[in-house]
Structure formats: structure tokens, C-alpha cells
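Numbering (numbering that gives the first Met the number 0), first residue to last: 0 to 495.
Ideal Cβ placement from N, Cα and C applies to all residues, glycine included.
Working notes for the structure below.
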Amino acid sequence: MVTGRVPFDADTPFAIVLKHINEPLPPPRQYCADLPENIERLLLKSLAKNPDDRFQTAEEFSKALRQHALADRTPTSISTSAARATPMPPAQETRVVPDTSDASQPVRVAPLPETPGSKKGLPRWLMVVGGLFLFVCLCFGMLVVIGRNSEPQADANTTVPTVVQEEQPPAPEQPAPDDDEDAHPNDEAATVAAALATGQERCPPLDCPDPEGAITAYNQALETHPENTQLLAARGRAYLLLDAHTHAEDAWEDSEQALEHDPENALAHLVRGRVLEIQSWEDEDSDPKKVLADYDRAIQYNPDLIEAHLARAAFLGNEEGLGNINRVLEDVPGHPYALMVRAGIYRQMERFDDAIDDYATILATDTRNEAARLERSLLFAQLRNWEEAKKDISILIDLAPDDGTYRMFRGFMALVSGQPEDALNDFQAALDLEGDEYVPARYGQGVARLRLNQADQALDDLEFAADHEDDLYMIYDLFLMGIRRSTSIWRVLSLK
């Protein structure tokens with residue numbers, strides 16, 4: 000409109016669009032030499048490619064437009080004022096001129112000549128510029144919208160036809176689907192991810208402070224997605240960490256259901272293998288190959304599943320198991336649980352010095368690691384190093400003063416090392432903390448009283464222990480401190 004021609008020209012409409020977007024506007028005075036320079040600057044700033052270089056608000060553009068208009072009108076006002084200030088020539092002598100006009104003819108009044116500045120409002124070219132600016136802005140906005148809605152990769156040679164969009168009738172309202180899962184196909188993934196994240200937070204691998212919280216999260220998600228194999232396997236693992244003996248059947252059902260739908264679920268194989276291992280402790284006829292097969296499949300389907308490597312190593316308890324441990328330690332040097340399992344294998348292989356070194360490595364980085372300190376204490380007791388054994392167990396009593404188990408352990412260490420009075424004090428403290436039916440402490444208290452010639456009181460404790468013999472497995476099989484039924488319970492009972 001200002002220059003009488005379009006700013007860009009090309010072979011195709013799409014190429015013109017690209018020029019509008021990418022190329023700067025040609026100077027209008029290049030095609031219209033009589034265009035004022037201030038108007039050219041106004042146009043170029045209004046159509047700048049960089050948004051920061053344009054007028055930021057309509058008020059800013061309006062202000063600039065008024066300033067340019069005033070600048071253009073100022074010389075006219077000055078000329079008019081000067082004309083008004085010019086003195087008039089002296090009036091000539093008044094003469095009477097006879098009226099020669101015909102009264103019958105209408106009197107024609109000559110139009111007054113227009114004086115500069117007599118018209119109100121803006122110059123015509125300024126209104127043209129304003130209209131052009133609004134038109135260009137509208138076109139540019141439409142081009143941007145069209146560009147955003149187009150394909151990401153457009154062929155530069157594709158001709159874009161001009162399309163006149165007709166108003167479409169409103170789409171008929173679709174009935175809501177009956178099944179919520181069909182309406183939101185991503186709901187299951189979101190629900191599962193949220194439940195797994197909560198479970199991972201409350202029950203992370205190898206360290207599960209809140210298995211009940213993890214099970215609750217899995218249960219809520221399984222209410223709407225009962226066959227999700229990830230949730231089933233994760234819940235089975237949490238059951239085992241909550242109480243492996245009490246919830247072994249629950250863990251078994253979850254692992255079986257998960258493997259029915261996903262035979263390559265590594266965590267489900269780990270859970271099932273762990274349940275089979277627990278059952279093998281009570282069933283001498285169980286097949287250890289089944290346990291090992293599940294652990295092997297768990298590692299096959301997820302080689303980075305640390306828990307599977309550790310479970311396999313602990314189950315084997317030999318050089319082959321050490322290979323699994325070393326695989327973990329290569330990826331995670333100093334991993335405390337891997338070192339714990341390796342120390343246990345070393346003990347089975349009677350490599351006691353290596354086991355003590357692994358416990359020392361763990362405690363060097365975490366002095367409050369109760370499991371490592373307890374196992375080292377028991378190893379010292381197994382080696383009859385009572386002083387070192389009692390030193391570690393005493394630290395545990397300081398760390399957990401409300402745990403009667405540590406008191407019971409130290410009582411047996413004192414008893415076997417020939418300190419029955421100290422032993423009796425620890426057994427009584429353990430019973431105060433754990434209750435009078437705490438079988439190992441009652442048994443230890445009976446033996447200590449027997450050593451102190453308190454036979455009558457000892458008989459009550461030893462009879463109670465004999466009635467709960469199965470609860471003494473930890474004393475006979477775990478501690479290996481020389482206390483045997485043949486020299487304690489049965490002899491005292493026979494003397495009675």
C-alpha cells in the first residue's frame with residue numbers, strides 16, 4: 000500500500016511465507032523515494048523479525064505515531080502563524096460600484112480556498128501507514144499460527160493452496176466409555192509407576208525399613224490392576240522382608256501369579272527361589288536344584304539384580320558363590336551387603352581371617368552397622384576370643400539399649416568364659432526387656448543359677464526351656480559356644 004508492491008516475491012506461496020518469516024523487510028524508500036524517512040523507520044521497527052526490536056505495546060506504537068504526525072505538521076503551523084503576522088497592505092480608497100447583477104440569477108458563492116492546516120485529523124499517508132501496519136501484523140500472526148500447525152518437516156517445493164475454512168458444525172457429543180481403563184489408557188502405567196516409586200522409597204533393595212508401607216501401596220494399586228506382574232513381584236518381595244516365615248505363602252502366590260503372565264519376570268523368580276529356600280530349611284527332601292534354577296533365571300533376565308546375585312551366593316556358600324559376590328563388588332565396590340554375604344561364605348569355608356577383614360571394612364565406613372558388628376562378635380565367640388566378642392556386643396548394647404537380644408548374647412559369652420555372675424545379670428536384664436517367656440534368656444539364666452549353686456531356682460528356668468526346646472536353635476546352631484543339652488538341661492532334669 001505504501002510502495003505500491005509486495006515486499007517479497009517467489010515462485011511458490013510457501014516460499015513467500017518463508018521469506019516473510021526469515022528475511023528482513025526491504026527498505027520502503029527503495030521503491031518509494033518520496034516516503035519520509037521517519038515513516039520508513041516507523042515501518043521497519045514495526046515489522047522487525049526480532050520481537051524485542053518491535054514496539055512492545057500498542058500504546059508505545061501510538062505514541063510514536065503521534066510524534067511523527069506532530070513532527071510533520073509543525074512547519075505548516077509555523078507558516079500559518081507567519082502569514083497571520085504579516086502586515087496587511089494599506090487599504091485603498093473605498094469606491095461604490097454599481098450593482099450590475101441580475102437579481103433573478105442565483106448568487107453563487109465561490110468556495111473558500113483551503114488553507115494549510117485547516118483540515119482536522121491525521122494526514123492521509125499516515126492513516127494508510129497505520130492501516131498497513133495493522134494488516135501486516137494480522138497477516139504475520141496468521142502465518143505464525145499456520146506454521147505451528149503444519150507438519151514438522153515440510154517439502155520446500157510443496158505448493159500451499161489458499162484454503163478458505165468453512166465453519167464446521169459442532170461435533171456430536173460422544174458418550175463416556177463405561178470402562179475407566181478404556182477412557183484413560185495411560186492410567187495403569189501411571190498407577191503402577193506411582194506405587195512402585197512409593198514401594199521403592201519405603202522398601203529399597205537390600206534395606207527395607209517399612210515393608211508394611213510398601214505392601215499397602217502395592218495393595219492399593221492392585222485393586223484396580225490385579226494382574227500387573229511388576230506389582231505382584233514387588234509385593235511378594237515385601238512380604239518376605241516383612242516376615243519370611245509368616246508370609247512365605249503370600250510371597251509364593253504373588254510370584255506364581257506374576258510368572259504365569261510374565262515368565263521372564265526376574266524379581267518374581269527371585270521371590271519364588273527365596274520361598275523355596277526357606278521351605279528347604281524345614282524339608283530335608285526338598286530339591287536344591289529348584290532354588291538354584293530360580294536364582295539363575297533371575298540373574299539371566301536381569302543381570303544387574305544385586306539381590307539375586309547375593310541370594311545365589313549365600314545359598315551356594317562356596318567358591319562359585321564367591322563369583323557372584325565379586326561380580327557385585329566389581330560394579331559397586333565396598334557394597335556392605337555383598338561384603339556381609341562374602342564374610343559368611345568365608346566362615347563356612349573356615350577362612351576366618353578373610354571374614355574378619357570384610358567385617359572390618361564394613362565397620363570402617365559405618366560404625367553403627369549392627370549386623371556386621373554382631374556377626375563379627377559371634378565369629379570371635381566361635382574362635383573363643385571372648386574379650387573381642389564381648390567388646391563388639393557391648394557396643395551393640397550401647398547402640399540399642401532396649402534390645403534384650405544383645406544382653407542375652409553377652410550373657411552366654413560371659414557364661415562360657417567363666418563369668419556366671421555377669422552372665423546372670425545380662426540374662427535378667429534381657430528378661431526385663433523381652434519378657435519372662437524369652438526362652439534363650441530363661442535357659443541362660445537357669446544355667447547361670449546352676450553354676451552359682453542356685454539349683455532350686457535353676458530348675459524352674461530349665462524346665463521352661465525344655466518345654467520350648469525348639470526356640471533354642473539359635474543357641475545350639477548359631478553360637479557354637481559349647482553349651483549342650485547333655486551337660487545342662489537333661490542332666491539337671493535327671494537329678495530332679
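Count the other CB atoms, across all protein chains shown, that sit within 10 Å of the CB of residue i; report buried if there are 16 or more and exposed otherwise.
{"i": "Ala267", "result": "buried"}
{"i": "Gln229", "result": "buried"}
{"i": "Val163", "result": "Residue placement at Val163 is poorly supported in this model, since its pLDDT is 41, which falls under 50; the coordinates still yield a value, given next. Exposed is the call here."}
{"i": "Ala307", "result": "buried"}
{"i": "Asn264", "result": "buried"}
{"i": "Leu205", "result": "exposed"}
{"i": "His244", "result": "exposed"}
{"i": "Asp435", "result": "exposed"}
{"i": "Tyr30", "result": "exposed"}
{"i": "Thr56", "result": "exposed"}
{"i": "Gln456", "result": "exposed"}
{"i": "His467", "result": "exposed"}
{"i": "Asp425", "result": "buried"}
{"i": "Ala337", "result": "buried"}
{"i": "Lys48", "result": "exposed"}
{"i": "Glu318", "result": "exposed"}
{"i": "Arg5", "result": "Arg is not the amino acid found at residue 5; the sequence shown has Val there. By the 10 Å Cβ count, Val5 comes out exposed."}
{"i": "Gly322", "result": "exposed"}
{"i": "Pro50", "result": "exposed"}
{"i": "Pro521", "result": "Lying before the first or after the last residue shown, residue 521 is absent from the chain, which here runs from 0 to 495."}
{"i": "Ala498", "result": "Outside the displayed span of the chain (0 to 495) sits residue 498, for which this structure offers no information."}
{"i": "Gln299", "result": "exposed"}
{"i": "Glu276", "result": "buried"}
{"i": "Glu283", "result": "exposed"}
{"i": "Asp8", "result": "exposed"}
{"i": "Glu58", "result": "exposed"}
{"i": "Pro335", "result": "buried"}
{"i": "Asp459", "result": "exposed"}
Could you check whether residue j and residue i sit closer than 8 Å to each other, using their CB atoms as the reference points?
{"i": "Met339", "j": "Ala371", "result": "yes"}
{"i": "Ala313", "j": "Leu304", "result": "no"}
{"i": "Ala233", "j": "Gly198", "result": "yes"}
{"i": "Leu430", "j": "Ala440", "result": "yes"}
{"i": "Met412", "j": "Ala380", "result": "yes"}
{"i": "Leu398", "j": "Arg367", "result": "yes"}
{"i": "Leu471", "j": "Val438", "result": "yes"}
{"i": "Glu39", "j": "Pro25", "result": "no"}
{"i": "Gly333", "j": "Thr364", "result": "yes"}
{"i": "Asp330", "j": "Arg341", "result": "no"}
{"i": "Ala464", "j": "Tyr442", "result": "yes"}
{"i": "Tyr217", "j": "Ala194", "result": "yes"}
{"i": "Pro419", "j": "Ala454", "result": "no"}
{"i": "Leu315", "j": "Val327", "result": "no"}
{"i": "Ala63", "j": "Leu46", "result": "no"}
{"i": "Lys260", "j": "Glu226", "result": "With the sequence shown as reference, residue 260 is identified as His, and Lys is not the correct amino acid for it. The answer is yes: Cβ separation under 8 Å."}
Please determine, among the options, the residue with the shortest C-alpha to C-alpha distance to residue i.
{"i": "Lys422", "options": "Asp431, Ala313, His334 and Gly410", "result": "Strictly speaking, residue 422 in this sequence is Ala, with Lys absent from that position. When each option's Cα is compared against that of Ala422, the closest is Gly410."}
{"i": "Lys44", "options": "His244, Ala32 and Pro23", "result": "Pro23"}
{"i": "Gly417", "options": "Leu461, Arg406, Tyr437 and Trp385", "result": "Trp385"}
{"i": "Leu378", "options": "Asp391, Arg271 and Leu291", "result": "Asp391"}
{"i": "Arg346", "options": "Leu382, Arg311 and Thr364", "result": "Leu382"}
{"i": "Cys520", "options": "Val191, Ala192, Ile214 and Asp293", "result": "Outside the displayed range of the chain (0 to 495) lies residue 520, so it cannot be described from this structure."}
{"i": "Leu269", "options": "Tyr238, His467, Ala363 and Asn185", "result": "Tyr238"}
{"i": "Ser376", "options": "Glu387, Asn368, Leu42 and Asp401", "result": "Glu387"}
{"i": "His224", "options": "Ala216, Pro419 and Val191", "result": "Val191"}
{"i": "Asp242", "options": "Ala196, Val274 and Asn49", "result": "Val274"}
{"i": "Leu432", "options": "Gln444, Asp460, Asp401 and Tyr442", "result": "Asp401"}
{"i": "Arg311", "options": "Asp295, Asn301 and Pro302", "result": "Asp295"}
{"i": "Gln219", "options": "Leu240, Leu373 and Glu187", "result": "Glu187"}
{"i": "Asn37", "options": "Glu283, Ser61, Glu58 and Gln66", "result": "Gln66"}
{"i": "Asp361", "options": "Leu240, Glu374 and Glu281", "result": "According to the sequence provided, residue 361 is Ile. The question's Asp does not apply to it. For Ile361, the nearest C-alpha among the options comes from Glu374."}
Can we count residue i as close to the ligand SAM, meaning its CB is less than 7 Å from some heavy atom?
{"i": "Pro419", "result": "Although the ligand SAM was asked about, the structure shown includes no ligands whatsoever."}
- Take every Cβ of the region 251-265, pair it with every Cβ of the region 284-291, and state whether three or more of those distances are shorter than 8 Å. no
- Item | Residue ranges of each alpha helix (DSSP H) within the region 178-238, 4 or longer | 179-182, 186-201 and 210-223
- Does the region 198-209 come within contact of the region 244-251, defined as at least 3 CB pairs closer than 8 Å? no
- Query: Residue ranges of each alpha helix (DSSP H) run of no fewer than 4 residues wholly in the region 384-411, ordered along the chain?
  - Reply: 385-398
- Residue ranges of each alpha helix (DSSP H) within the region 257-308, 4 or longer: 265-281 and 287-300
- Inside the region 421-454 only - beta strand (DSSP E) runs reaching at least 3 residues: none
- List in chain order: all unbroken alpha helix (DSSP H) runs of 4+ residues lying wholly within the region 17-46. 36-45
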